[in-house]
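Visitor: Numbering (numbering that gives the first Met the number 0), first residue to last: 0 to 478.
Ideal Cβ placement from N, Cα and C applies to all residues, glycine included.
What follows is a structure written as structure tokens; I'll ask about it next.
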Amino acid sequence: MAAGAVGGRYKPLDDSDIRQIHEMSVRIMEEVGIKVPNKQALDIFSQNGANVDRESSIVKIPRAMFEEMVDKAPSRVVLCGREEKNDIVLEGARTHLGTGGTVLNCLDLETGKRRLTSLEDVKNFALLADALDNIAFYVINVYPNELPSAEVDVNRFFWAFSNTSKHVMGGTYTMEGLRNVIRMAEGLAGGASRLRERPFVSMITCVMSPLLLDASYTDFLIEVAGQGIPLVTPAEPLAGATSPTTLAATVATNNMETLTGVILAQLVNPGTPTIYGSVATNMDMKSGSYLSGSIESALINAGLAQMAQFYKIPFYATAGMSDSKLPDCQAGYEKAATAMLAALAGANYIHDAAGLLEFCTTASYEQMVIDNEIIGICLRAARGIEVNEETLAEEVIRRVGPGGNFIAEDHSVRHFRSEFFFPKVADRKSRKLWEKDGSLDARERARKMARRMLEEHRPAPLPEEAAEKVLAEFKDIRR
Numbered sequence: 000m001a002a003g004a005v006g007g008r009y010k011p012l013d014d015s016d017i018r019q020i021h022e023m024s025v026r027i028m029e030e031v032g033i034k035v036p037n038k039q040a041l042d043i044f045s046q047n048g049a050n051v052d053r054e055s056s057i058v059k060i061p062r063a064m065f066e067e068m069v070d071k072a073p074s075r076v077v078l079c080g081r082e083e084k085n086d087i088v089l090e091g092a093r094t095h096l097g098t099g100g101t102v103l104n105c106l107d108l109e110t111g112k113r114r115l116t117s118l119e120d121v122k123n124f125a126l127l128a129d130a131l132d133n134i135a136f137y138v139i140n141v142y143p144n145e146l147p148s149a150e151v152d153v154n155r156f157f158w159a160f161s162n163t164s165k166h167v168m169g170g171t172y173t174m175e176g177l178r179n180v181i182r183m184a185e186g187l188a189g190g191a192s193r194l195r196e197r198p199f200v201s202m203i204t205c206v207m208s209p210l211l212l213d214a215s216y217t218d219f220l221i222e223v224a225g226q227g228i229p230l231v232t233p234a235e236p237l238a239g240a241t242s243p244t245t246l247a248a249t250v251a252t253n254n255m256e257t258l259t260g261v262i263l264a265q266l267v268n269p270g271t272p273t274i275y276g277s278v279a280t281n282m283d284m285k286s287g288s289y290l291s292g293s294i295e296s297a298l299i300n301a302g303l304a305q306m307a308q309f310y311k312i313p314f315y316a317t318a319g320m321s322d323s324k325l326p327d328c329q330a331g332y333e334k335a336a337t338a339m340l341a342a343l344a345g346a347n348y349i350h351d352a353a354g355l356l357e358f359c360t361t362a363s364y365e366q367m368v369i370d371n372e373i374i375g376i377c378l379r380a381a382r383g384i385e386v387n388e389e390t391l392a393e394e395v396i397r398r399v400g401p402g403g404n405f406i407a408e409d410h411s412v413r414h415f416r417s418e419f420f421f422p423k424v425a426d427r428k429s430r431k432l433w434e435k436d437g438s439l440d441a442r443e444r445a446r447k448m449a450r451r452m453l454e455e456h457r458p459a460p461l462p463e464e465a466a467e468k469v470l471a472e473f474k475d476i477r478r
């Protein structure tokens, strides 16, 4: 089981702030409501005691329903890998980081030029996620542009399952695709009940900002919840555009939106593993464009981590992105700053943290390798400093005494691997040795590592008989 690290040390909100955001959220949901242009959802809300205006499609959720349904959402969600060693537990302030998407472009590993993504990229990014030790899960991060739309869902998920034994999450584009993906996963798991016992797949069903449950995504949400598959209901308020400019109001808006999805999932199927979610950020007030690497996005997501902890629901956060077009200095500092804040705040499932550039529109193989290192640094920071009799090493200090050194001490040997983070991309050699090795910068070192992993890494294979049955049933899967 992937341990992750326990964050929660960084708290941009105090207890009074959290209570104010909660109370305002309840008032808005009771008095203003959420627009739900979906008959099936309106019926579900109405049958369970919400105030539903069918003419305007506005649903007002009373406090009692809010509190009861939020309490029904599990506080602990286990997202399994095909291999048990890759299971991740979402609860409390335990944090894990991984990929996200879905983007239409990538930087070609050989030429460095931007091009459209393909099914081969779905396979290769899944393979790279499987190989990189700090990436905990694979949210399918690229779109196979060459496929007809009817074939996209089954191909994205089948080839993700085939190339990583880590947990796979993603969204689908059609109801047929959604149902096919779940049926495919059941086949690979060895049956419907086995998939529910060990869910190695989960689904994204977005909520729109401001205060809107999109008709299509709501159909998907109801289907996934009804089938008992883990799901996340992320909202994407854009501070200054689809939410107020102030970060507090954006946190509150996101809180209301994602909780509406959580509540609907619990009304459909109480106990459904449902994850509170955010893809919130802010607008560039100079250009009016979306930003992905801003420090404000990290502050919003850190505040939302505290809100999710207040409700005792696992949190899907967004951090570790960059607005840079290349794996450069800007990408490094934007990614490190935003991922670090979210991890230290204890966000449980931080997606988009590996491989994305250019306002979350472009994926990069070498950036994914660099981000694996940034994630490792974030996890080490979140783990903090362990203080006990063994780590204080009083006996060792007494024995070595003034003027000695600790290099040869057994205590040093026992602890250096766990206490220190060892980078693989960063260069810590002398200039002389660095020049001898070709004077490569971080991007070139990461590019060489990515090529080697794609050539040499072999993920755990799918069960052969089950995979053949799935391929026989779903003719649209490209072999």
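(1) Could you give the distance in angstroms between the alpha-carbon of LEU146 and the alpha-carbon of ARG413?
(2) Where does GLY489 land, buried or exposed, given buried means 16+ other C-beta within 10 angstroms?
(3) How big is the Cα-Cα spacing for THR245 and GLY403?
(4) So for ASN300, helix, strand or coil by DSSP?
(5) Quick test of the definition: if touching needs 3 or more C-beta pairs under 8 Å, does the region 322-332 touch the region 390-408?
(6) For VAL25, which residues in the same chain have their Cβ closer than 8 Å to its Cβ, ignoring the five residues on either side in sequence?
(7) Please classify ARG81 as buried or exposed, where buried requires at least 16 other C-beta atoms within 10 Å of its C-beta.
(8) Any idea what DSSP makes of ASN371, helix, strand or coil?
(9) Starting from the C-beta of LEU211, find all residues in its chain whose C-beta is less than 6 Å away, skip the five residues before and the five after it, and write them out in chain order.
(10) Could you check which residue in GLY302, GLN366, LYS112, GLN19 has the C-alpha nearest to that of ARG8?
(11) Would you mind reading off the limits of the alpha helix (DSSP H) that contains ASN179?
(12) Between the Cα of LEU470 and those of ASN140, ARG113, ARG182, spot the shortest distance and give me the residue it belongs to.
(13) Would you kindly check if the distance between the Cβ of PRO313 and the Cβ of ILE274 is under 8 Å?
(14) Can you name, in chain order, every residue of its own chain whose Cβ lies under 8 Å from the Cβ of LYS428, other than the five neighbours on each side?
(15) Looking at GLY6: is its Cβ nearer than 8 Å to the Cβ of GLY319?
(16) Helix, strand or coil for PHE136, going by three-state DSSP, please let me know.
(17) Could you check which residue in GLY32, ASP107, VAL77, THR98 has the C-alpha nearest to that of LEU194?
(18) Expressed to the nearest angstrom, what Euclidean distance is found between the alpha-carbon atoms of LEU115 and ASN144?
(19) Would you check if there are 3 or more beta carbon pairs closer than 8 Å linking the region 87-104 to the region 122-139?
(20) Measure from the alpha carbon of GLY292 to the alpha carbon of each residue in ALA338, ALA214, ALA4, then state which is nearest.
(21) Out of GLU394, PHE473, PRO422, which one is the CA nearest neighbour of ALA441?
(22) Say whether the region 148-167 touches the region 452-470, bearing in mind that this needs 3 or more beta-carbon pairs closer than 8 Å, one atom from each stretch.
(23) Apart from the five residues just before and just after ILE17, which ones in its own chain have a Cβ nearer than 7 Å to its Cβ?
(24) Is THR98 near the ligand GDP, in the sense that its beta carbon is under 7 Å from a heavy atom of that ligand?
(25) I think MET174 touches ASP120, with their Cβ atoms under 8 Å apart; what is that distance to the nearest whole Å?
(26) Do the region 197-213 and the region 27-47 make contact, defined as three or more Cβ pairs closer than 8 Å?
(27) Measure the CB-CB distance between THR360 and LEU103 and report whether it falls below 8 Å.
(28) For VAL479, name the three-state secondary structure that DSSP assigns.
(29) Identify the residues that DSSP records as bridge partners of VAL200: which are they?
(30) Quick one: give me the first and last residue of the alpha helix (DSSP H) that LYS122 is part of.
(31) Whose CA, out of SER242, PHE156, ALA135, lies closest to the CA of LEU378?
(32) In this structure, how does DSSP classify ALA224 when only helix, strand and coil are distinguished?
(33) Considering only residues of the same chain and omitting the five flanking positions on each side of LEU343, which have a CB-CB separation below 7 Å?
(34) What is the rounded straight-line gap between the Cα of ILE49 and the Cα of GLU29?
(35) Rounded to whole angstroms, what's the CA-CA distance from GLU499 to ARG416? Just pull it up for me.
(36) Rounded C-beta distance between PRO233 and THR259? I'm assuming under 8 Å.
Guide: Taking the coordinates as given:
(1) Taking C-alpha positions only, LEU146 is separated from ARG413 by approximately 52 Å.
(2) Nothing in the structure corresponds to residue 489, since the chain is present only between 0 and 478.
(3) The straight-line gap from Cα to Cα measures roughly 55 Å.
(4) DSSP, read as helix, strand or coil, puts ASN300 in helix.
(5) Contact between the region 322-332 and the region 390-408 is absent, because fewer than three Cβ pairs lie under 8 Å.
(6) The answer, listed in chain order, is ARG62, PHE65.
(7) Per the 10 Å Cβ criterion, buried.
(8) If DSSP states are grouped into helix, strand and coil, ASN371 belongs with the helices.
(9) Same-chain partners within the cutoff: LYS34.
(10) Answer by Cα proximity: GLY302.
(11) ASN179: member of the alpha helix (DSSP H) spanning 174-188, first to last residue.
(12) Ranking ASN140, ARG113, ARG182 by Cα distance to LEU470 puts ARG182 first.
(13) Contact: yes.
(14) ASP436.
(15) One thing to note: GLY6 has its Cβ no nearer than 8 Å to the Cβ of GLY319.
(16) Three-state result, PHE136: strand.
(17) Comparing Cα positions, the closest option is VAL77.
(18) Their backbone Cα atoms lie some 7 Å apart in a straight line.
(19) Counting Cβ pairs under 8 Å, three or more are found: they touch.
(20) Among ALA338, ALA214, ALA4, the Cα nearest to that of GLY292 is on ALA338.
(21) Minimum Cα distance to ALA441 is reached at PRO422.
(22) With a cut-off of 8 Å, the region 452-470 and the region 148-167 count as touching, because enough Cβ pairs lie within range.
(23) Excluding sequence neighbours, ILE17 sits near GLN305, MET306, PHE309.
(24) Judged by which ligands are present, the structure shown has none, so any question about the ligand GDP falls away.
(25) Not really, about 26 Å apart at Cβ, beyond 8 Å.
(26) When Cβ pairs closer than 8 Å are counted between the two stretches, the region 197-213 is seen to touch the region 27-47, the count reaching three or more.
(27) Closer than 8 Å, so yes.
(28) Beyond the ends of the chain as shown, which are 0 and 478, falls residue 479; an answer cannot be given.
(29) Bridge partners of VAL200: VAL167.
(30) For LYS122, the uninterrupted alpha helix (DSSP H) run begins and ends at 118-130, by DSSP.
(31) Per the Cα distances, ALA135.
(32) Residue state for ALA224 is assigned as helix, using DSSP reduced to three classes.
(33) If we look at LEU343 and ignore the five residues flanking it on each side, its Cβ neighbours are GLY6, ARG8, TYR9, ALA380, ALA381.
(34) Looking at the sequence itself, residue 49 is Ala, so the reference to Ile does not match. Going from the Cα of ALA49 to the Cα of GLU29 covers about 9 Å.
(35) Residue 499 lies beyond the residue range present for the chain, which begins at 0 and ends at 478; the question has no answer from this structure.
(36) Actually they do not touch by this definition, with Cβ atoms about 12 Å apart.
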